[in-house]
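Asker: Numbering (the working numbering), first residue to last: 311 to 620.
(1) Beta carbon of residue 353, beta carbon of residue 618: below 8 Å?
(2) Straight-line CA distance for residue 413 to residue 419?
(3) With 16 as the cutoff for other CB atoms within 10 Å, does residue 475 come out buried or exposed?
(4) Grouping DSSP H, G and I as helix and E and B as strand, with all else coil, what is residue 619?
(5) Could you name the residues that DSSP lists as bridge partners for residue 410?
(6) Tell me whether residue 530 is buried or exposed, calling it buried when 16 or more other Cβ atoms sit within 10 Å of its Cβ.
(7) At the 8 Å Cβ level, is residue 351 part of the contact set with chain D, yes or no?
(8) For residue 545 and residue 440, what's the separation of their Cα atoms in angstroms?
(9) Excluding the five sequence neighbours on either side, which residues of its own chain have a C-beta within less than 8 Å of the C-beta of residue 432, listed in chain order?
(10) Could you give the distance in angstroms between the alpha-carbon of residue 536 and the alpha-carbon of residue 395?
(11) Quick check on residue 464: buried or exposed, where buried means 16 or more other Cβ atoms within 10 Å of its Cβ?
(12) On the criterion of 16 or more Cβ atoms from any shown chain inside 10 Å, does residue 403 qualify as buried, or is it exposed?
(13) Which residue comes first and which comes last in the beta strand (DSSP E) that contains residue 327?
(14) Secondary structure at residue 604, three-state DSSP: helix, strand or coil?
(15) Report the rounded CA-to-CA distance for residue 362 versus residue 384, giving the unit in angstroms.
(16) Go ahead and pull the three-state DSSP assignment for residue 402.
(17) Going by the DSSP bridge assignment, what does residue 482 pair with across the sheet?
(18) Please state whether DSSP places residue 370 in a helix, a strand or coil.
(19) I need the straight-line Cα distance from residue 514 to residue 391, nearest angstrom please.
(20) Go through its chain and collect everything with a Cβ distance to residue 615's Cβ below 6 Å, but skip five positions before and after it.
(21) Is the CB-CB distance between residue 561 and residue 348 below 8 Å?
(22) Can you name, in chain order, every residue of its own chain whose Cβ lies under 6 Å from the Cβ of residue 601, other than the five neighbours on each side?
(23) Where residue 488 and residue 368 are concerned, what is the direct C-alpha to C-alpha distance, given to the nearest angstrom?
(24) Residue 328 and residue 492 look like a contact to me (Cβ under 8 Å); what is the Cβ gap, rounded to whole Å?
Below, the structure written as structure tokens:
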């Protein structure tokens, strides 16, 4: 008996084509230059935050311990997508092997989940510092901070390894062109054969656990924080408290806003162009603005930075 053509496709599917920004053929070199400089800014900016918070004794507090780890995470997160995108723009060779695609997806989703948890932990830190300042040194001691960071990493890694295996166990047939600049779940699911309802439900469940629930916890923390700040008798105290929290709120709004729309909106509303635009926000724009927001809006970090500079 002859093979079914679908079966032939299933067995021969060994690579995908990342279309990226190929719909702008005249802008390839311009986009390469832009994204290259963005990558350098992200590496330098977040690297400086890690260095400053580790070397300056005045910044050896839980808040800056979390900020240092968050900046390191941002470097890892952007490195999971940008180098491959830059290579594709430079060489115009857009193929990616099945294994490399699965590896990239695993890292992007894992680091994205860890970032959601990190931002929640940072909100909890601010909540304890402002709402329960007397208990802060006891509750947020160094051991607890290390345990919280470790828990974020372990949880994110375990869940995403399972989800990636589940996505790549699907049969893929027909087109192997991924209309995205990295291997992400929505464009890959659109290429899968057969019924993907269970897979979509699993993606929705994981997104609820790692995106929506942390976001709601952060909102709850900040509602208590704002309530406490407004009761402070000193206007200077209120200004300082708001200033401490505002940087974190900006990052949360940028990251969670784009992630919620990407992973929790109905499949019928998905558009490859919109998905790419939103993905740029949480994979590239947030890591780029993180050091700017935290240094320019933070006097302690600016003072520490001046000490390091000759």
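Note that the Cβ used here is the ideal one computed from N, Cα and C, for glycine as well.
Answerer: Once the coordinates are examined:
(1) Sequence index remark: in the chain shown, residue 353 carries index 43 (1-based). Sequence index remark: in the chain shown, residue 618 carries index 308 (1-based). No, the Cβ-Cβ distance between residue 353 and residue 618 is not below 8 Å.
(2) Position 103 of the chain shown, counted from the first residue, corresponds to residue 413. Position 109 of the chain shown, counted from the first residue, corresponds to residue 419. Taken atom to atom, the span from the alpha-carbon of residue 413 to that of residue 419 is near 10 Å.
(3) What you label residue 475 is simply residue 165 of the chain shown in a count that begins at 1. Counting the other CB atoms within 10 Å of its CB gives residue 475 a total below 16, which places it among the exposed residues.
(4) Start at 1 with the first residue of the chain shown, and residue 619 comes out as number 309. Three-state result, residue 619: coil.
(5) The residue given as residue 410 occupies position 100 in the chain shown. Its beta-bridge partners do not exist; DSSP assigns none.
(6) Here residue 530 refers to the residue found at position 220 when the chain shown is read from its first residue. Counting other Cβ atoms within 10 Å of its Cβ, residue 530 stays below 16 and is therefore classed as exposed.
(7) Absent here is chain D; the protein component of the structure consists of one chain.
(8) Within the chain shown, the letter at position 235 stands for residue 545. Within the chain shown, the letter at position 130 stands for residue 440. Straight-line Cα distance between these residues: approximately 15 Å.
(9) Looking up residue 432 in the chain shown gives position 122. Closer than 8 Å at Cβ, skipping near neighbours: 373, 376, 377, 380 and 558.
(10) Residue mapping note: residue 536 aligns to position 226 of the chain shown, counting from 1. Residue mapping note: residue 395 aligns to position 85 of the chain shown, counting from 1. So the alpha carbons of these two residues sit roughly 41 Å apart.
(11) Translated into positions along the chain shown, residue 464 becomes position 154. So residue 464 counts as exposed.
(12) Within the chain shown, numbered from 1, the residue matching residue 403 stands at position 93. Flag for residue 403 reads exposed.
(13) Position 17 of the chain shown, counting from 1, holds the residue named residue 327. Its beta strand (DSSP E) spans residues 325 to 328.
(14) Locating residue 604 in the chain shown gives position 294, where the first residue counts as 1. Of the three classes helix, strand and coil, the one that applies to residue 604 here is helix, per DSSP.
(15) Your numbering for residue 362 matches position 52 in the chain shown. Your numbering for residue 384 matches position 74 in the chain shown. Approximately 16 Å, taken between the alpha carbons.
(16) Taking the chain shown and counting its residues from 1, one reaches residue 402 at position 92. Secondary structure at residue 402: coil, using DSSP grouped into helix, strand and coil.
(17) Here residue 482 is taken as the residue at index 172 of the chain shown, counted from 1. Its beta-bridge partners are 502.
(18) The residue you call residue 370 lines up with position 60 of the chain shown. Residue state, collapsed to three classes: coil.
(19) Sequence index remark: in the chain shown, residue 514 carries index 204 (1-based). Sequence index remark: in the chain shown, residue 391 carries index 81 (1-based). CA-CA distance, residue 514 to residue 391, rounds to 22 Å.
(20) Reading the chain shown from its first residue, position 305 is the one you call residue 615. Residues 362 of the same chain have their beta carbon placed closer than 6 Å to that of residue 615, with the five preceding and five following residues left out of the count.
(21) Residue numbering aside, residue 561 sits at position 251 when the chain shown is read from its first letter. Residue numbering aside, residue 348 sits at position 38 when the chain shown is read from its first letter. For residue 561 and residue 348, no; Cβs fall outside 8 Å.
(22) Residue 601 sits at position 291 when you count from the first residue of the chain shown. Once the five neighbours on either side are set aside, the close Cβ partners of residue 601 are 355, 356 and 359.
(23) Within the chain shown, numbered from 1, the residue matching residue 488 stands at position 178. Within the chain shown, numbered from 1, the residue matching residue 368 stands at position 58. Distance between the alpha carbons of residue 488 and residue 368: 48 Å.
(24) Along the chain shown, read from residue 1 onward, the residue named residue 328 stands at position 18. Along the chain shown, read from residue 1 onward, the residue named residue 492 stands at position 182. That pair is a contact at about 7 Å.
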